[in-house]
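Let me begin by presenting the structure, written as structure tokens, before commenting on it.
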Amino acid sequence: TPAARAALQARADDEDAVVREHVAWALARLAAAAG
Numbered sequence: 027t028p029a030a031r032a033a034l035q036a037r038a039d040d041e042d043a044v045v046r047e048h049v050a051w052a053l054a055r056l057a058a059a060a061g
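Per our numbering, the very first residue in the sequence shown carries number 27; after that it's consecutive.
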């Protein structure tokens, strides 16, 4: 959803590398699901 994508993107440059990695993973999953 657009809200989920926006929430993830807001954390894309988090200081915690683990958070950034999970954000990248989740955004990739959303992109794949969108086709």
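Quick reminder that beta carbons are idealized off the backbone N, C-alpha and C, glycines included.
Asked, Found
"Per-residue DSSP class, three states only, for E41", "coil"
"For Q18, the nearest candidate out of G61, L53, A60 (CA to CA)", "It is not possible to answer for residue 18, since the shown part of the chain is limited to 27 through 61."
"C-beta atoms of R31 and D40 nearer than 7 angstroms", "no"
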